[in-house]
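Each residue of the sequence shown is one higher than the one before, starting from 789 at the first, in our numbering.
Contents: one structure, followed by commentary.
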Amino acid sequence: MDVGFFIIHKNDYPVMEYINAKRIVMCQSAVPRPEVFFILLSVALLFSACTVSKKDSGAKPLMIQQQGSFAVGGTVITNPGVFDPYNPSPAGQTFHGDHAYVFFQVPVKARKYPLVMWHGYGQFSKTWESTPDGREGFQNIFLRKRFPVYLIDQPRRGDAGRSAVEGNVRPTPDEQGWFGTFRIGIWPDYFEGVQFARDTETLNQYFRQLAPDIGPIDIDVNAEAVSALFDKIGDGILVTHSHSGGMGWRTAVKNQHIKAIVSYEPGSGFLFPEGEVPAPMPSAGGTLPAEGIPMSEFLKLTKIPIVIYYGDFIAEEPTNAPGPDGWRVRLAMARL
789 MDVGFFIIHK NDYPVMEYIN AKRIVMCQSA VPRPEVFFIL LSVALLFSAC
839 TVSKKDSGAK PLMIQQQGSF AVGGTVITNP GVFDPYNPSP AGQTFHGDHA
889 YVFFQVPVKA RKYPLVMWHG YGQFSKTWES TPDGREGFQN IFLRKRFPVY
939 LIDQPRRGDA GRSAVEGNVR PTPDEQGWFG TFRIGIWPDY FEGVQFARDT
989 ETLNQYFRQL APDIGPIDID VNAEAVSALF DKIGDGILVT HSHSGGMGWR
1039 TAVKNQHIKA IVSYEPGSGF LFPEGEVPAP MPSAGGTLPA EGIPMSEFLK
1089 LTKIPIVIYY GDFIAEEPTN APGPDGWRVR LAMARL
């Protein structure tokens, strides 16, 4: 089954061409021409190459027409009984939870379609804001290009931390593992050529933008909340990163207001038609399963443009390094 995506050619950048490719992938096997240049963005969108000053001190003022924030989606739990305002107890009271939190900005002379940016695993909307070394992130980059930008905190994460399901948050030391998962290097060494700044404060900022889940991750709850966002704002482009990649495709199946998807390093939830689901792929970072959906739902994804980017330092052969090897199988599954 074919689905569209965009590619950029080496000799005519930044002209973009729309072509067809097998399923939801960007891979060499889809286009046999050797001149195709695949844009490889650095992992996590946190340390992409940039020539401006560290604090963007020379940037022009951002011209914002409108901004705000709101909750969207979620559920309401009503406890049995009658509430007594003079003797309050849980009886008869309500609990609003499992919503997403959204912060948005609309620039002056905005383009037609907003960009809805959805963070990945262990992250929250900070992913899209300033980079750990203080440069402008995707939020401001695209505001300057006149795109309205909506930043999501998915249910039970970040500013959407009112979980309707009980959970535990434990201060488990894990930061050196994340250093490898995001392919900055293999702790304590940085990969040669990595564009992540190597000063102490940058690493401090990077570790401090990690965010816990207040309750267990529920893919259906998350997809419903983001679908509700598109119901509220209308047509737009969904931008996903890592864990939100698979959830983003499920959301697009639910909601026709999603007119395109930009997926940075989707890390799980790869969708295939039922009966065509590939075998799980083992790696040093764990085993990656694929997921099947009815053909009628899969076909919905073939009706919109989808572009997928993977970055550098992904292992080409099996290795015992969980980060590079885990992404090896993710890239391999994306190419199926």
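Here a beta-carbon is modelled for each residue, glycine too, at the ideal position from N, C-alpha and C.
Check	Outcome
Through-space distance from Arg932 to Ala1067, alpha-carbon basis	43 Å
Reference Thr1090; option with closest CA among Glu1062, Ile1049, Met1121	Ile1049
Which listed residue (Gly965, Gly1074, Pro1112, Leu1059) has its alpha carbon closest to that of Arg1123	Leu1059
The region 844-862 contacting the region 922-940, beta-carbon criterion three pairs below 8 Å	yes
Simplified DSSP assignment, three categories, for Gly946	coil
Reference Tyr1052, options Ala1011, Ile1081, Gly1099, closest by Cα	Gly1099
Spatially closest choice to Thr1075 from Arg1116, Pro961, Gly965, Gly946, by CA coordinates	Arg1116
Counted within 10 angstroms of its Cβ, other Cβ atoms place Thr988 as buried (16 or more) or exposed	exposed
Nearest-angstrom Cα separation, counted from Arg986 out to Gln854	36 Å
Cα-Cα separation between Gln964 and Asn867, rounded to whole angstroms	43 Å
Limits of the beta strand (DSSP E) - the one that Val1014 falls within	First-last for Val1014: 1007-1021, but that is the alpha helix (DSSP H), not the beta strand (DSSP E).
Residue(s) in a DSSP beta bridge with Trp1142	Residue 1142 lies beyond the range of the chain shown here (789 to 1124); nothing can be said about it.
Extent of the continuous beta strand (DSSP E) to which Pro1110 belongs	Not the beta strand (DSSP E): Pro1110 falls in the alpha helix (DSSP H), residues 1110-1122.
Straight-line Cα distance separating Val1041 from Val890	21 Å
Top-ranked residue by Cα proximity to Ile852, from Gly862, Asp872, Lys897	Lys897
Same chain, Cβ closer than 8 Å to Thr969, neighbours up to 5 away in sequence not counted	Gly1073, Pro1110, Gly1111, Gly1114
Three or more C-beta pairs below 8 Å linking the region 1020-1029 and the region 999-1010	no
Per DSSP, cross-strand counterpart(s) of Phe858	Val890
Identity of the residue in Phe1086, Gly1036, Gln1044 nearest Trp906 by Cα	Gly1036
Beta-bridge pairing of Ser1051 - partner residues as DSSP gives them	Thr1028, Ile1096
Alpha-carbon to alpha-carbon, Pro902 and Ser918	19 Å
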